[in-house]
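Everything below concerns the one structure shown next.
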Amino acid sequence: MSCRIVHLSNSYRSGDVEKWIKYLTSEKKVQELAFLCDDFQHEFYPVSLYGWGLNLPSGIFSCRTLQSLEFTNYGIRFHRPFHHCHNLKTLKLYYCDIRTETLEAIVSSCDFMEHLSVCSSTSSLKQVRIFSQTVKTVELESLDLEGIYLSTQSLGALVLHSMKFPAKSLVIHAPNLRVFTATRKPITKNPYNFTRPSKQTKIAEILEYCTHLLTPVNYKASDPMEDPNLFKNLRELTIDLDLNDRREMLILCIVLQRCLSLHQLEINIEESRSQIEEATRDYSSVNSRLPYPETKLWEQRELCDCITFTLRQVSIKGFNGKDGEMEFPRHLITKGAKLERLEIWCNHDWSSEGGKATLGLLSLPRSSIDVSILLKPPPNLLVVLEDGSQP
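If you count the sequence shown from 1, position 101 lands on 97 in the working numbering, and the numbers rise without skipping.
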């Protein structure tokens, strides 16, 4: 049913890989295939520059039973092997050298592809362009791109990890999007370190453009793909934000106003910007357009419908108990009428003052009678309440 092969590059040059594929698809009728070229990673760039890559016969993956393919440390120069892959549903490419046109042609050749993952490609991949009516999940990680263009009615989940691209070049038309994840921490280990955290696109910038926050009032989309409200049907949202930053808090507020059906929210509080990053950051164009209140942001703005009617679970990680961070969980506790579970994961450098402030959340009046509030201190810290119990 499933087979994973780890091999050396000699196995490819000798034709063994092609023989294995033909045998496994024609004789064994496998459903899942995964290949990892074990020594390719040590000469990744030299091999890519000399043009060595996945040069297999046309339609070799068109087996009726094959549903999932995975390649790690490969150069994929041609889309011919993927011709007539009518049954392939999942394609995962890790540390592969592939061009924009090749990836687009592969997706077009797979009429019923539902899941696409691309992680840590080389600079050959300039853009990710997906125009499909079947793709349901797209995962992109550790890519340095010039733009991302997604147009698919079926897209239900979009995951962006450790990405670098101009936020204004993110164009998405996915009216049925249910799950959106955007973080700056890589999920898989990346030995090539294509995108360092300091150079990755800020999640706040991505959210600004996804919500058209920086566009003029009378703006008309020049690209018909643009979706006026990408988050309208969103059920799950996972993002990195600095809850101590007024600008990013306002962005969060506007995002939640666009979410009409949100059930689950996870926020990973980013560490403070370095002095160099803060000094070189230009907020002038943003501040001239947006009113950023100095205090009590959530009290001054009108209630978000999702907080009042739909939000069930919230997780906040990296919490320090600072004044700016406290406003949002206070608002959730006192206004979240449907909230069932609030988890607050405290940061490793949680101070005693921050600890006392965080414990104060337990005494707030709760809008939801069903809500459970879980305060999770750092592993090396034991918190004991006045009555001797532990939160």
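Glycine included, every Cβ here is placed at the ideal spot set by N, Cα and C. Please read these numbers as outputs of a predicted model, since none were measured by experiment.
Based on the DSSP secondary-structure assignment, which residues constitute the bridge partners of residue i?
i	result
W341	K313 and K372
T86	S64 and H111
C(-1)	L29
D140	K160
V134	L112 and L154
S169	At residue 169 the sequence reads His, which differs from the Ser that was named. The partner list for H169 (beta bridge, DSSP) reads S147.
A178	L156 and I235
Y125	Correcting the residue type first, residue 125 is Arg in the shown sequence and not Tyr. Answer is Y145, bridged to R125.
I102	According to DSSP, which records beta bridges pairwise, I102 is partnered with nothing at all.
Q196	Note: Q196 sits in no beta bridge, so no partner.
L261	L233 and V310
D93	G71
How many whole angstroms separate the CB atoms of residue i and residue j, which I take to be in contact at a CB cut-off of 8 Å?
i	j	result
I369	L358	6 Å
Q141	L156	The question names Gln, but residue 141 is Leu in the sequence shown. Incorrect: roughly 10 Å between the Cβ atoms, too far for contact.
K88	E66	4 Å
L403	P77	Nothing in the structure corresponds to residue 403, since the chain is present only between -3 and 387.
L226	L173	6 Å
S7	V13	6 Å
I329	R362	6 Å
E180	I168	The question names Glu, but residue 180 is Arg in the sequence shown. R180 to I168, Cβ: 19 Å. No contact.
W346	P325	Not confirmed; about 15 Å, so no contact.
Q260	R308	7 Å
Do residue i and residue j have their CB atoms nearer than 9 Å?
i	j	result
R153	T177	Looking at the sequence shown, residue 153 is not Arg but Ala. Contact flag set, yes.
C92	V114	yes
L139	S117	yes
S158	E135	no
N69	F108	no
R73	T96	no
C302	L252	yes
E321	N240	yes
L246	K228	no
V175	Y145	no
E28	L4	no
K331	L299	yes
V103	S128	yes
L52	R0	no
T133	K160	no
V26	S(-2)	yes
V310	L338	yes
S58	H75	no
I94	I56	no
P171	G143	no
E349	H327	no
I126	E100	yes
Would the beta-carbon of residue i be found less than 8 Å away from any heavy atom of the ligand HEM?
i	result
L358	No copy of the ligand HEM occurs in the structure displayed, which carries no ligand at all.
Under a CB-based cut-off of 9 Å, is residue i close to chain D?
i	result
L307	The chain inventory of the structure shown lacks chain D, comprising one protein chain alone.
Open item on the list: Under 8 Å: do the region 225 to 238 and the region 259 to 268 share three or more Cβ pairs, one atom per stretch?
Closed with: A contact is defined here as three or more CB-CB pairs under 8 Å, and the region 225 to 238 meets this definition with respect to the region 259 to 268.
Task: At least 3 beta-carbon pairs within less than 8 Å: the region 199 to 212 vs the region 138 to 150 - done: Segments in contact, no.
Open item on the list: I'd like to know if the region 337 to 352 and the region 311 to 323 are in contact, where contact means that at least 3 CB-CB pairs between them fall below 8 Å.
Closed with: With a cut-off of 8 Å, the region 311 to 323 and the region 337 to 352 count as touching, because enough Cβ pairs lie within range.
Open item on the list: Suppose only complete runs of 3+ residues qualify. What are the beta strand (DSSP E) ranges in the region 220 to 258, listed by chain order?
Closed with: Qualifying beta strand (DSSP E) stretches, in chain order: 232 to 237.
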